[in-house]
Amino acid sequence: MVGEVLVDRYEVEELVGAGGMSSVYRAHDRLLERKVALKVMHQHYVDDPEYVERFRREARSVASISHPNVVTVIDRGEWEGRQFIVFEYVDGENLKQLIERRGPAPVAMALELAIQIGQALSFAHQQGLVHRDVKPQNVLLNGDGRAKVTDFGIARSLDVQQGTTQTGTVLGTSDYIAPEQAQGQHVDEQTDVYSLGVVIFELLTASVPFPGTSFVAVAMRHINEPPPRLRDARPDVPLRVEAAVQRAMAKSPADRFPTMAAFCAELSACLGELSGGATEVIAPAKPRRPRPARSSSAWPVVLALLALIIAGAVAGWIVLHRNGTLGGGSHLSSPLNSTVQLQAVTAYDPFGDGNEHDSDAHLATDASTSTYWETESYHSTFAALGKKGVGLVLDAGSSIKLRQLGIATATPGFRAQIEAGDSATGPFDTAVSPNEVVTTQMVFPLTVSSPHRYYVIWITALPNGSGQARINDVTASG
0 MVGEVLVDRY EVEELVGAGG MSSVYRAHDR LLERKVALKV MHQHYVDDPE YVERFRREAR
60 SVASISHPNV VTVIDRGEWE GRQFIVFEYV DGENLKQLIE RRGPAPVAMA LELAIQIGQA
120 LSFAHQQGLV HRDVKPQNVL LNGDGRAKVT DFGIARSLDV QQGTTQTGTV LGTSDYIAPE
180 QAQGQHVDEQ TDVYSLGVVI FELLTASVPF PGTSFVAVAM RHINEPPPRL RDARPDVPLR
240 VEAAVQRAMA KSPADRFPTM AAFCAELSAC LGELSGGATE VIAPAKPRRP RPARSSSAWP
300 VVLALLALII AGAVAGWIVL HRNGTLGGGS HLSSPLNSTV QLQAVTAYDP FGDGNEHDSD
360 AHLATDASTS TYWETESYHS TFAALGKKGV GLVLDAGSSI KLRQLGIATA TPGFRAQIEA
420 GDSATGPFDT AVSPNEVVTT QMVFPLTVSS PHRYYVIWIT ALPNGSGQAR INDVTASG
């Protein structure tokens with residue numbers, strides 16, 4: 000369909016996703032001169048009245064939900080016999096992609112996202128709709144900290160007594176399906192509570208609670224097995240958070256939170272107990288145009304960027320708190336607990352001349368944001384280094400599994416990843432973080448399978464318009 004123009008208005012530009020019943024395209028709205036998301040039913044369903052009605056019902060369902068955390072329906076229609084729905088275009092990845100890209104989320108970030116999702120679902124429930132397919136793939140992230148729930152394709156009114164199609168086929172996605180839904184029984188808002196509990200479990204562990212090789216096998220585990228203990232996979236998760244997830248995933252709906260609003264209230268209380276209440280900003284998967292802050296956002300992005308990235312108490316998260324501006328002689332406050340004192344010992348330049356301001360390396364771990372280590376100047380207005388990368392070597396003092404590593408920099412915009420090794424001179428063959436665009440204060444969650452003494456901040460691209468990258472301070476937790 001790329002290149003086609005639907006109803007003389009929507010010019011199809013690119014396929015961005017496909018499912019069993021429809022495909023989603025990015026399109027250009029010629030009338031209003033904006034990008035939109037175009038969901039088009041597959042051709043082989045056009046003669047099936049049940050699927051056609053389900054598709055139309057999705058448009059009606061979402062059109063009745065006006066909420067900042069729900070993707071907005073703009074239009075619906077028919078083109079060459081095929082039903083289509085036009086949604087607002089969300090320029091970002093979905094929550095599943097974020098989990099796959101970054102691994103387990105910091106607790107505060109997971110709670111903040113879950114609250115946004117829960118608030119959207121609670122509003123839908125108040126309009127008489129249950130989603131029935133809550134999963135990370137159906138949560139879009141728009142790059143400024145807001146989550147948007149989408150795909151109400153199998154949503155049903157709360158007074159519908161059965162969760163099955165007319166042919167008896169159970170609807171939903173097995174990894175997140177509630178026991179009553181898997182058995183074709185009555186579904187209500189507590190069904191969505193269960194699925195959101197599973198989503199939180201995955202956010203915090205980067206794995207689903209009941210993996211399996213088939214729909215039936217996974218669904219049977221949801222029906223018969225108690226949910227695994229969250230703290231077995233993430234011991235740093237607060238007990239109250241674990242208890243909330245366990246209650247949400249109770250086998251009997253009567254044992255869960257009575258409403259999605261009640262679940263959100265408990266998640267908000269859990270978030271409030273985290274010291275400082277700050278959350279980490281989600282770094283986008285690719286550079287994006289700056290967006291204005293929206294007053295209705297539940298995520299205070301501007302404040303987070305200016306003041307705190309993430310705080311933790313029992314969880315041992317890193318605190319990167321500046322009392323002044325970089326270069327002004329300010330100091331980072333001491334992390335609360337689980338702190339690992341790193342020493343920057345040398346630069347790492349295996350693809351250059353072997354030297355990269357080595358004598359200044361120690362300034363990156365002196366707890367002062369007025370001192371720094373920086374790369375040599377590459378006299379480039381572009382991001383290119385002219386080589387694979389250059390790094391700063393950090394010594395943990397002994398072999399250890401670091402959980403997080405934080406960076407403060409006065410030159411945001413460079414790309415870097417964290418790698419691990421067992422010698423200060425390399426090699427560093429084990430990447431333990433994604434490659435990210437580094438913000439003014441940045442926390443890298445690390446996935447370390449075995450202990451290492453040395454870690455390197457491996458810089459692969461410079462900030463655009465600057466020939467150097469600077470690291471003012473480094474903090475870590477194990």
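Numbering that gives the first Met the number 0 numbers the first residue of the sequence shown as 0 and each following residue consecutively. Idealized CB from N, CA, C, for every residue including glycine.
Judged by DSSP in its simplified three-state form, I456 adopts strand. Ranked by how close their Cα comes to the Cα of L128, the residues Y371, L5 and T258 have T258 in first place.
For the set V192, A216, A249 and T149, the Cα lying nearest the Cα of F86 is the one of T149. Residue range M259 to E272 is occupied by the alpha helix (DSSP H) that includes L270. Residue pairing of H451 in beta bridges, as defined by DSSP: I399. If you check the CB distance, W372 and D352 do not come in under 8 Å. Distance from the CA atom of V1 to the CA atom of V106, rounded to whole angstroms, is 41 Å.
Around the C-beta of F350, fewer than 16 other C-beta atoms lie within 10 Å, and the residue is accordingly described as exposed. Only residues of its own chain outside the window of five on either side were considered, and among them G466 and Q467 have a CB closer than 7 Å to the CB of S376, listed in chain order. For L110, the enclosing alpha helix (DSSP H) stretches over residues V106 to Q125. Within the model, the alpha-carbon separation for D132 versus V344 is close to 50 Å. Closest option to G405, judged by alpha-carbon separation, among V198, R452 and D472: D472. Per the coordinates, the alpha-carbon of L120 lies some 49 Å from the alpha-carbon of P426. Per DSSP, the unbroken alpha helix (DSSP H) holding A218 starts and ends at F214 to N223. Here the alpha carbons of L140 and R220 stand approximately 30 Å from one another. E179: not part of any beta strand (DSSP E); member of the alpha helix (DSSP H) spanning P178 to A181, first to last residue. Between the C-alpha atoms of V23 and F83 there is a straight-line separation of about 10 Å. Taking a cut-off of 8 Å for Cβ pairs, the segment 95-109 and the segment 33-50 do not touch, as fewer than three such pairs fall below it. Taking the Cα positions, D191 is about 16 Å away from E265.
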